[in-house]
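Notes for the one structure printed next.
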Amino acid sequence: MNGTAAPGRFTMSSEAEHLGRLPQWLRGALVACLRNSLRRLLIVQAPLTLLSMALAPWLIAAIGLDRLQLGILRCGLVGALLHVLCLFGSIVLLYFDRRRAAAEVAAIFFVANGAFTLATVAVGPRAYGLGYPLAALLACAWAYHRLEQTLEDLEYLTFAAQPMAPEASAIEASSASA
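Going by the working numbering, the sequence shown opens with residue 11, and the numbers climb by one from there.
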C-alpha cells in the first residue's frame, strides 16, 4: 500500500462517523435552544408573578376588591404563570406540526379547568381559585410529556414523516389558479 491511500480512507471514515452523529448534534442544539427560550421566558414571567403576588394586598385595595379575594388573586397569578408555560409547550408542538398533541393539551386544560372549578365550588370559599392553577399545571405537564415524545421522534418527523411528493390538493389549487 502506498502512503496516499490510507489518508483518503481515514478521511472518508471520519466523515461518515460525523454524518452519523450530525442528527444527534442537531437534536441537542434544538433542545438547548428550546431550554434557553424557556429559561428566558421564566426569567421575565416568574419575577413578575412573584412581585404581583407580593403586591397583591395593595392591588386589591386599589381596585376595590374584598380582602377575602386575595387568595383567589394569588391562585390566578400562579395559574397564569403555569398557563404561559403550557402555551409555550403548545406553540412548540404546533411548530413541529403536532396539531393533535397541541389539541390534546388544549382539551385537557379545558376539561380540567371546568372539572376543578366545579370541585372547588363544591368545597367552598376556602378552595376558590384553585381550579385554574391546577388545570394549568395538569395541561403544562401533558404539554411537556408530548414535547418530550416529539423530541424523541425528531429524526423521524424531520425525514420520514415528510411527504415525498406534493399533495394532490396543493397541485389542484396551483393548477386552478393558473
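Just so you know, even glycine gets a beta-carbon here, dropped at the ideal spot from N, CA and C.
- Around the CB of Ile82, 16 or more other CB atoms lie within 10 Å, so the residue is classed as buried.
- Val88 is not a Cβ neighbour of Thr130, given a cutoff of 8 Å.
- Excluding residues up to 5 positions away in sequence, Gly89, Leu92, His93, Cys96 lie with their Cβ nearer than 6 Å to the Cβ of Ala146 in the same chain.
- Taking the Cα positions, Ile101 is about 32 Å away from Ile70.
- For the pair Leu148 and Ala117, the CB atoms are not nearer than the 8 Å cut-off.
- For Phe126, the enclosing alpha helix (DSSP H) covers residues 109-133.
- In the DSSP assignment, Tyr142 falls within the unbroken alpha helix (DSSP H) covering 141-162.
- Here the alpha carbon of Arg45 sits roughly 16 Å from the alpha carbon of Leu164.
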